[in-house]
Amino acid sequence: MLDRKLTKGNIALAEGAIQAGCMFYFGYPITPQNDIPEYFAKNLPKIGGTFVPAESEIASINMVMGAAASGKRAMTSSSGPGISLMQEGISYMAGSEIPCVIVNIMRSGPGLGGIDPTQGDYNQAVHGGGHGDYSNIVLAPASVQEMFDLTIKAFELADKYRNPAMIIADAMIGQFQEACRLIPEHPVKSYDKNWSLLGCESREPRLLKSLYLGPGEQETHNLDLQKKYRTMEEHEVLYESIGLEDAEVMIIAFGTPSRVAKTAIKELRKNGIKAGLFRPITLFPFPKKEIHEYSKKTGKILVVEMNTGQMLNDVIIASDRNSTVSFFGRPGGGIPYPDEIISHAMKLL
Amino acid sequence: MNRIFEHPKSLKYTNTHFCPGCTHGVAHRLIADAIDKLNIREKTIGIPGVGCCVFLYKYFNIDVLEAPHGRAPACATGMKRAQPDKIIFSYQGDGDMAAIGTSEIIHAANRGENISVFFINNSVYGMTGGQMAPTTLLGQQTTTSPYGRDFKTEGYPIKMAEMLATLEGVAYSSRVSLHSPKHINQASKAIQKALEMQINEMGFSVVEMLSTCPTNWRVSPTEALETVDREMIPYFPLGVYKERKGKDFL
Amino acid sequence: MYHDVIMTGFGGQGIQMISQLVAVASIKKGLNITYLPSYGVEKRGGRTNVTLVISDEEIGSPITNTPSGLIAMDLIGLEFYQPIVARNGLLIVNADLIPDDRIKRDDLNILKIKCNEEALRIGNQKMANMILLGCYIHEIDFLDIDDISRIMHEVLPAHHAESIPDNLNAIKRGMELASSK
C-alpha cells in the first residue's frame, strides 16, 4: 500500500510499457499525450532502447511495424488526428499478424477538434478504423493503475495473438494523477516469436505479408483471422462489475464515465436505489455474453459515454431483447457529472 | 572444372510474373548477385513497397517484410534500429517512393538511416495499368495523362537521386540504367557499392535504376530499351551524385 | 471519509505545489486520491486549477461540481468556482488579490488571508501558497503538518531542499492565522 507513487496516467502507461520490455518507441507530438513520447525520449536511451521522433504518425506506425517484425516489443502513441493517419499501418499489421501496441489518448473531434477528454474514437478502435475485415485488441483503462497494468497486458495479448493491441483512454485518464504501484502485478509474460524476420541463417526464409492474390487465399486468411478473434472472445474478456447481484438498473460505461458512474451509484444506493455498474475493460473482445446475462437479470440499462452513443450499439446487440437500453452521453469534450448520471438513472425507474 | 555462372543463391528458382522486356528481373538479379558476392544472404532482410515490386518475396530467397505503399523506408528504419547488425534494403517503384512515400524516403535519408534503397524508375505506375507518375516525362502519354504530361498542370518529372544527394544523412546516391549490358555492369557495381556502404556503417545509400515498362509504354521490349537511352537518360542523367569517402561525418 | 477540493490560481502562485503536497501526504497515510490538473488549452493564458479528491474508500469520479473546499489564489479562480462550492464548505481566499466584496457566499466557512503580505512579513514572498496550505491543513481533519513535513523532500525539487524549513514555517504561520480567525 505504501509503495504507491503519485503518478500521471500517461507516465504510468509509458513506465508500464518499459517494464513490459518495450524498448522501441516511435511517435509524433500531439496533445494530450506528449508526456508519453517525452518519457520514452528521456528513459529509453538510459536502458539501451530506441526512441525515434518520427516525421509523421504514418511513419511512426510503420517504424513500429519494422521493429515489431524483428520480434521486438514496439509501440507508438497519439491522439485522434494522428490515430487516423495510422489506420493504414494498423490494417497492414492486422493482416500480416504483426503484434504491436498503439495508444490513443482520445481528444475530441471530428477534425482538429479540441484537446478535451472524449470517447469519440470507440468505433474507430473497436470496429475497424482501417480497411478490411479485422479487429484490434482494445483495452480501456479507467485508472492510473490500469494505465500501467493494462499496458503490460496489451503487450502480452498482442504477442499471444500476433495482433495489434490498442489502448484507448480519454484525455482525463491520461492527464490525471493517482497513487500507482509501478511494479507489475505478475511476472510479465513473453511468447516465442518463431515468425520474426531475423535473416534466414540456418533456416528457410520467412515472410510477413498481407497480400493474398491466389484463388481463395484471401478468404482463407480472413477466416483464419476470424477464428483468432473468436478465440480472444472465448478467453480474454475482462470487465468489472459492482452491485449487479441485486441491481434494478445497470449502468454500462468505460473509462472516465465509469469512474463518475461509481460515484453516482454510491449516491443512488444511499437513497435506496439499487444501481450497479458494468465496466468493460476489454472493448474488443467485447463482453457480450456477460452483458447478455446481466441484462436478463437487471432489465434496465443506462449506457453512459463521452460521445453520442458508440458502445451503445454493442450493448444493444448484446442485451436481452426484453431489456430496455437507454443512453446518456456528452460529446465533444463534455464530461458527465455524477448528478447528471443520477437523474438519467432515476428516469428509468 | 570451374563454375563461372550459376543461379544466385539469393533468388529462388522460379518464374517471375514480370512482363517480357521489363527490367525488374534484371534489377532482382543484380541485387541477388551482390548479396551473394558479399556473402550476406542469411542476414539480409528485404522490404518491397507496393506495385510490381511487391512480389520480391516470391523471388528472393531471404526474409521479407511487405510494407504499405511508400512506407518501406519507415519500416526499414524500425527494423534496422531493432537489428543494427542485419542488412536491410527497401525495393521501391516510382509511384511508391517518389509520390506516396516522399515523406518517408526524405526523412529516412535525412536521418542517415544505415539502410539501402533500390529505386526502380520506369516513369509510370506499372501494376495499376500505366498511370502518370511523378517521374513521367514531359509529353509522355499515360492513361491519366492521355494528352501527354504538361508541366503547366502536372509539373516536371522529379529527380530523386539528385534531390536525395542534397541531404546530409545520405552516404551514397547514384542513378544507373538497365537498358544495355554496359549499363547493367555499371548498375551492378552501384548496387554492390550501396550495400557495402551499409555494411561499413556509412549511412543511407540509394541507387535509382532507369527501367523499362514496355507493356504500359505500349512498345516492344527492344523499343523500350531504346526509349530509356533516347528519352529517359537525357532528362535523368546517369552518375554518382554523392559518395561519402570517409567516416569524418561522425 | 470523503473530501474534494479545488485549488485555483495563476501560474507561478504554487497551486500545483500545494496540491501535490496534499496528494502525496494523503497517499502516504494510505488514503486514495485523484489529482486532476488543468492541461493544454486551459493551461494557456496561465490558469492553474487542480481538483483533488481524497477518500479512504475507492474514488469514483475525479471531477466534481460540488467541491467541499475551494482555495482561490486569485479573483478569476474565485469567480469561476465560488458558485459551486458545497453548502457549509470551506473557502480560503488570497485576500491580497481578492477584494472582500467579491465574496458572495454567506453559507461557507470562509478564511480571508492576506497571504502575500504574510509571506513578505516572514521574509519570503514565495511562501504565499504555503501560508494558504497551512490554513487548509488547520481546517481539515485527515492531515496535519507532520504528514506534510514527512513528504516535503519527495515533492520539492532537489535544488529547493534547503528551503524546506522556510516552507514549514510558512505552513505553521498559516495554521496560526486560521486558528485565530
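Chains S, C and B, in that order, give the protein sequences. Here the numbering used here = 1-based position in the first sequence + 13. Here the numbering used here = 1-based position in the second sequence + 9. Here the numbering used here = 1-based position in the third sequence + 34. Ideal Cβ placement from N, Cα and C applies to all residues, glycine included. All values derive from a computational prediction rather than experimental measurement.
Starting from residue i, trace the alpha helix (DSSP H) in both directions and tell me its first and last residue.
{"i": "C:Thr86", "result": "Ala81 to Ala91"}
{"i": "C:Gly34", "result": "His33 to Lys46"}
{"i": "B:Leu109", "result": "Leu109 to Tyr115"}
{"i": "C:Arg162", "result": "The question names Arg, but residue 162 of chain C in the sequence shown is Thr. Per DSSP, C:Thr162 belongs to the alpha helix (DSSP H) from Phe160 to Glu163."}
{"i": "S:Pro50", "result": "Asp48 to Asn56"}
{"i": "C:Ser229", "result": "Counting along the chain, C:Ser229 falls outside any alpha helix (DSSP H), and DSSP gives it neither H nor E."}
{"i": "S:Pro270", "result": "Gly268 to Lys283"}
{"i": "B:Ala106", "result": "From DSSP, B:Ala106 is part of no alpha helix (DSSP H) but of the beta strand (DSSP E) over Gly103 to Ala106."}
Could you give the distance in angstroms between the alpha-carbon of residue i and the alpha-carbon of residue j?
{"i": "S:Arg216", "j": "C:Gly157", "result": "50 Å"}
{"i": "S:Met359", "j": "S:Pro228", "result": "57 Å"}
{"i": "S:Leu15", "j": "B:Ile67", "result": "Its pLDDT being 49, under 50, S:Leu15 is placed unreliably in this model, and the value from its coordinates should be taken loosely. So the two alpha carbons sit approximately 13 Å from each other."}
{"i": "S:Phe291", "j": "C:Ile49", "result": "56 Å"}
{"i": "C:Ala91", "j": "C:Ile242", "result": "38 Å"}
{"i": "B:Met41", "j": "C:Ile208", "result": "59 Å"}
{"i": "B:Ile174", "j": "B:Ile118", "result": "19 Å"}
{"i": "C:Ile56", "j": "B:Val39", "result": "56 Å"}
{"i": "B:Lys215", "j": "S:Val338", "result": "54 Å"}
{"i": "S:Asp129", "j": "S:Ala107", "result": "30 Å"}
{"i": "C:Arg239", "j": "C:Cys84", "result": "36 Å"}
{"i": "C:Val133", "j": "S:Asp205", "result": "43 Å"}
{"i": "S:Met185", "j": "S:Glu318", "result": "14 Å"}
{"i": "C:Gly148", "j": "C:Glu217", "result": "22 Å"}
{"i": "S:Arg6", "j": "S:Phe189", "result": "Past the edges of chain S, shown from 14 to 362, lies residue 6 of chain S, and the structure says nothing about it."}
{"i": "S:Val201", "j": "S:Ile165", "result": "7 Å"}
{"i": "S:Arg120", "j": "S:Pro154", "result": "15 Å"}
{"i": "C:Gly60", "j": "C:Tyr68", "result": "15 Å"}
{"i": "C:Lys46", "j": "C:Ser19", "result": "10 Å"}
{"i": "S:Gly346", "j": "S:Thr131", "result": "5 Å"}
{"i": "B:Ala153", "j": "B:Asn122", "result": "28 Å"}
{"i": "B:Lys148", "j": "B:Met209", "result": "13 Å"}
{"i": "S:Ala67", "j": "S:Ile74", "result": "9 Å"}
{"i": "B:Gly45", "j": "B:Ala106", "result": "13 Å"}
{"i": "B:Lys206", "j": "S:Gly22", "result": "33 Å"}
{"i": "S:Ile294", "j": "B:Gln116", "result": "37 Å"}
If I'm right that residue i touches residue j with Cβ under 8 Å, what's the distance once you round it to whole angstroms?
{"i": "C:Ala43", "j": "C:Leu204", "result": "6 Å"}
{"i": "B:Gln47", "j": "B:Pro71", "result": "In fact, because the Cβ distance is near 14 Å, the residues do not count as touching under 8 Å."}
{"i": "C:Pro230", "j": "C:Gly102", "result": "That pair is no contact at about 19 Å."}
{"i": "C:Cys222", "j": "C:Gly135", "result": "5 Å"}
{"i": "C:Ser220", "j": "C:Ile129", "result": "5 Å"}
{"i": "S:Ala82", "j": "C:Met88", "result": "6 Å"}
{"i": "S:Val151", "j": "S:Met179", "result": "5 Å"}
{"i": "C:Ser182", "j": "C:Tyr250", "result": "5 Å"}
{"i": "C:Ile260", "j": "C:Ile40", "result": "Only positions 10 to 259 of chain C appear in the structure, and residue 260 of chain C is not among them; the question remains open."}
According to DSSP, what are the bridge partners of residue i?
{"i": "C:Ile208", "result": "For C:Ile208, which the question treats as bridged, DSSP gives no partner whatsoever."}
{"i": "S:Thr89", "result": "S:Ile115"}
{"i": "B:Asn201", "result": "DSSP output for B:Asn201 lists no bridge partner at all."}
{"i": "C:Asn70", "result": "DSSP, once it has assigned bridges, lists no residue as partnering C:Asn70."}
{"i": "S:Arg194", "result": "In the DSSP output, where bridge partners are listed per residue, S:Arg194 has none listed."}
{"i": "B:Ile171", "result": "None; B:Ile171 has no bridge partner."}
{"i": "C:Ser125", "result": "C:Phe98 and C:Ser214"}
{"i": "S:Ile255", "result": "S:Leu290"}
{"i": "C:Met141", "result": "C:Val133"}
Starting from residue i and walking both ways along the beta strand (DSSP E), at which residues does that stretch end?
{"i": "S:Met263", "result": "Val262 to Ile265"}
{"i": "S:Arg292", "result": "Ala288 to Pro293"}
{"i": "B:Asp181", "result": "B:Asp181 -> not in any beta strand (DSSP E); alpha helix (DSSP H) instead, spanning Ile179 to Val189."}
{"i": "S:Ala33", "result": "Per DSSP, S:Ala33 belongs to no beta strand (DSSP E) and is neither H nor E."}
{"i": "S:Ala182", "result": "Pro177 to Asp183"}
{"i": "C:Thr53", "result": "Thr53 to Pro57"}
{"i": "B:Gly43", "result": "Tyr36 to Phe44"}
Query raised in the report: What are the residues of the segment 22-40 of chain S that lie near chain A, defined by any Cβ-Cβ distance shorter than 9 Å?
Result: The structure shown contains no chain A; its protein chains are S, C and B.
Query raised in the report: Are at least three pairs of beta-carbons, each pair with one atom in the segment 79-91 of chain S and one in the segment 42-54 of chain S, less than 8 Å apart?
Result: yes
Report task. For the segment 88-105 of chain C and the segment 98-105 of chain S, state whether three or more C-beta atom pairs, one from each stretch, are separated by less than 8 Å. Result -> no
Query raised in the report: Would you call the segment 109-126 of chain S and the segment 61-72 of chain S in contact, with 3 or more CB pairs under 8 Å?
Result: no
Requested in this report: For the segment 139-158 of chain B and the segment 175-186 of chain B, state whether three or more C-beta atom pairs, one from each stretch, are separated by less than 8 Å.
Outcome: no
Query raised in the report: Okay, do the segment 216-225 of chain S and the segment 244-261 of chain S touch, 3+ Cβ pairs below 8 Å being the bar?
Result: no
Query - the segment 85-94 of chain B touching the segment 201-211 of chain B, judged by at least three CB pairs closer than 8 Å - result: no
Query raised in the report: For the 8 Å Cβ check, are there 3 or more pairs between the segment 92-112 of chain B and the segment 272-288 of chain S?
Result: yes
**Report entry** Validate contact between the segment 349-356 of chain S and the segment 324-339 of chain S using beta carbons, cut 8 Å, 3 pairs
**Finding:** no
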